[in-house]
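Visitor: In terms of numbering that gives the first Met the number 0, the sequence shown is residues 0 to 295.
Just so you know, even glycine gets a beta-carbon here, dropped at the ideal spot from N, CA and C.
Nothing here was measured: the structure is a model prediction, and the numbers come from that model.
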Amino acid sequence: MANPDSFIDEVTEEVRRDRLFAFFRKWAWLAVVIVLVLVGGAAILEYRRAQTEATAQAFGDAVITALDAADPAERIARLDAIEAPGPEGEILLALLAASEAAEGEERAAAAARLRSAAEAPGLAIRYVHLALLKAHLLEPLPEAEARLVLGTLAEPGAPYAALAEEQLALLDIASGDVESGVERLRRLEIAADATAGLQQRTGQLIVALESGASLVDAAPEPAAGEATEGAPAETPDEATGAAAETETPAAEDDAGAGAPAAEDDAGAGAPVTDEDAGADAPGAEEDAGADAPAGQ
Numbered sequence: 000m001a002n003p004d005s006f007i008d009e010v011t012e013e014v015r016r017d018r019l020f021a022f023f024r025k026w027a028w029l030a031v032v033i034v035l036v037l038v039g040g041a042a043i044l045e046y047r048r049a050q051t052e053a054t055a056q057a058f059g060d061a062v063i064t065a066l067d068a069a070d071p072a073e074r075i076a077r078l079d080a081i082e083a084p085g086p087e088g089e090i091l092l093a094l095l096a097a098s099e100a101a102e103g104e105e106r107a108a109a110a111a112r113l114r115s116a117a118e119a120p121g122l123a124i125r126y127v128h129l130a131l132l133k134a135h136l137l138e139p140l141p142e143a144e145a146r147l148v149l150g151t152l153a154e155p156g157a158p159y160a161a162l163a164e165e166q167l168a169l170l171d172i173a174s175g176d177v178e179s180g181v182e183r184l185r186r187l188e189i190a191a192d193a194t195a196g197l198q199q200r201t202g203q204l205i206v207a208l209e210s211g212a213s214l215v216d217a218a219p220e221p222a223a224g225e226a227t228e229g230a231p232a233e234t235p236d237e238a239t240g241a242a243a244e245t246e247t248p249a250a251e252d253d254a255g256a257g258a259p260a261a262e263d264d265a266g267a268g269a270p271v272t273d274e275d276a277g278a279d280a281p282g283a284e285e286d287a288g289a290d291a292p293a294g295q
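Quick look at the structure:
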């Protein structure tokens, strides 16, 4: 009783200890649950990450194995047999198959697959636009529909706006509106998002169009003298006559000054014989001082 303050402090300390123990007994389970949830969540996330990596690795190995085939048709068949892990994997397979079919006879099927893959929900915009642009290059839609699709792809800020603008310019030129096409090309030539290669290609096309050239189908045609199935072979005279119908810019003005006429490209590759040159086929006839036009 000599030190009452010490006794009061001891009692107060005991009361605090009892309250703390009571608090632990009441809420200790909650702390255990929180710890278990954190540890379990981390384990689940790690497991899912490992599963995703394993799936992606298996998908990549399958794609590499498919592309190792020697025959393009076999590569396409192997790519079709791969199970895509999601929409992005499906559109990647479609793009790879389209690249393999670009030189073959399955261009229409590859373009249809690309357009179908681009309609999958949840795809990043860059994959959608790339698939639609690739599909247009493989198998264009009718002009009206193609302009609608390319107009969307060419909107400012789109990932492939410059390439889509180039295709719109080519559509203008192919439809006969060369002035609008050249105007698009000029804007594209100075566009900030156009690559150096695209700008160079655009400049060359502008120069060619302003010099009087026109767009032609670059698809290979059978050479002259080769008979197609069910059709007779074209004679040299017929090939030469077909060449005369194709008008290209030639040096006709210079022919009057004694220069030899520029021969039109027949496109069929048939050589002009001396007998044909002496007849009505356009050849390298020398102007003997007369004023007759040389490139008919």
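When you compare only the Cα positions, how much space is there between Ala193 and Glu87?
Guide: As a first step, residue 193 must be located in the sequence shown, where it is residue number 194. As a first step, residue 87 must be located in the sequence shown, where it is residue number 88. Taking the straight line joining both Cα atoms gives about 26 Å.
Visitor: If I follow the unbroken alpha helix (DSSP H) through Ile189, where does it start and stop?
Guide: Within the sequence shown, numbered from 1, the residue matching residue 189 stands at position 190. Where Ile189 is concerned, there is no enclosing alpha helix (DSSP H), given that its DSSP letter is neither H nor E.
Visitor: Distance check for Ala207 and Ile90, CA to CA, integer angstroms please.
Guide: By one-based count along the sequence shown, residue 90 stands at place 91. By one-based count along the sequence shown, residue 207 stands at place 208. Between Ile90 and Ala207, the C-alpha separation is close to 36 Å.
Visitor: In chain order, what residues of the same chain lie with their CB nearer than 6 Å to the CB of Ala119, ignoring the 5 residues before and after it?
Guide: Translated into positions along the sequence shown, residue 119 becomes position 120. Counting only Cβ-Cβ distances below 6 Å, and skipping sequence neighbours, we find Pro86.
Visitor: Considering Cα atoms alone, identify which of Ala57, Ser179, Glu12 and Ala153 is closest to Ile124.
Guide: On the sequence shown, residue 124 is found 125 positions in, with the first residue counted as 1. Out of Ala57, Ser179, Glu12 and Ala153, Ala153 has the C-alpha closest to the C-alpha of Ile124.
Visitor: Please look up how many angstroms separate the CB atoms of Arg146 and Ala168, rounded, as I've assumed it's under 8 Å.
Guide: Numbered from 1 along the sequence shown, position 147 holds the residue referred to as residue 146. Numbered from 1 along the sequence shown, position 169 holds the residue referred to as residue 168. Not confirmed; about 12 Å, so no contact.
Visitor: If we count the other Cβ atoms within 10 Å of its Cβ and call it buried at 16 or more, is Asp171 buried or exposed?
Guide: As a working note, residue 171 is residue 172 in the sequence shown. With 16 or more other Cβ atoms within 10 Å, it is buried.
Visitor: Is DSSP giving Leu140 helix, strand or coil here?
Guide: Locating residue 140 in the sequence shown gives position 141, where the first residue counts as 1. It is coil, neither helix nor strand.
Visitor: Measure the C-alpha to C-alpha separation of Gly294 and Leu131 and round it to an integer number of angstroms.
Guide: Within the sequence shown, the letter at position 295 stands for residue 294. Within the sequence shown, the letter at position 132 stands for residue 131. Per-residue confidence for Gly294 stands at a pLDDT of 37, beneath the threshold of 50, marking its modelled position as unreliable; the derived number appears in the next sentence. The straight-line gap from Cα to Cα measures roughly 45 Å.
Visitor: Quick one: is Tyr46 buried, meaning 16 or more other Cβ sit within 10 Å of its Cβ, or exposed?
Guide: The residue you call residue 46 lines up with position 47 of the sequence shown. Label assigned to Tyr46: exposed.
Visitor: Drop a sphere of 10 angstroms on the beta-carbon of Val36, count the other beta-carbons inside from all chains shown, and report buried for 16 or more, exposed for fewer.
Guide: As a working note, residue 36 is residue 37 in the sequence shown. Val36 is exposed by the Cβ-count criterion.
Visitor: Use the C-beta contact count for Gly175: other C-beta atoms within 10 angstroms, 16 or more gives buried, fewer gives exposed.
Guide: Here residue 175 is taken as the residue at index 176 of the sequence shown, counted from 1. That one is exposed.
Visitor: Once the 5 residues before and after Ser179 are set aside, which same chain residues still bring their CB inside 6 Å of it?
Guide: In the sequence shown, the residue the question calls residue 179 occupies position 180. Within the same chain, Ser179 has close Cβ partners Asp171.
Visitor: Please go through the same chain and pick out, in chain order, the residues whose beta-carbon is closer than 6 Å to the beta-carbon of Pro219, but skip the five residues on each side of it.
Guide: Here residue 219 refers to the residue found at position 220 of the sequence shown. Any reading at Pro219 needs caution, since the residue's pLDDT is 46, under 50, leaving its predicted position unreliable; the model's value is listed next. Contacts found: none.
Visitor: Measuring CB to CB, does Ile81 end up less than 8 Å from Ala61?
Guide: Looking up residue 81 in the sequence shown gives position 82. Looking up residue 61 in the sequence shown gives position 62. Contact: yes.
Visitor: The ligand FMN and Ala107: does the residue's C-beta get closer than 7 Å to at least one heavy atom of that ligand?
Guide: This structure lacks the ligand FMN; in fact it carries no ligand of any kind.
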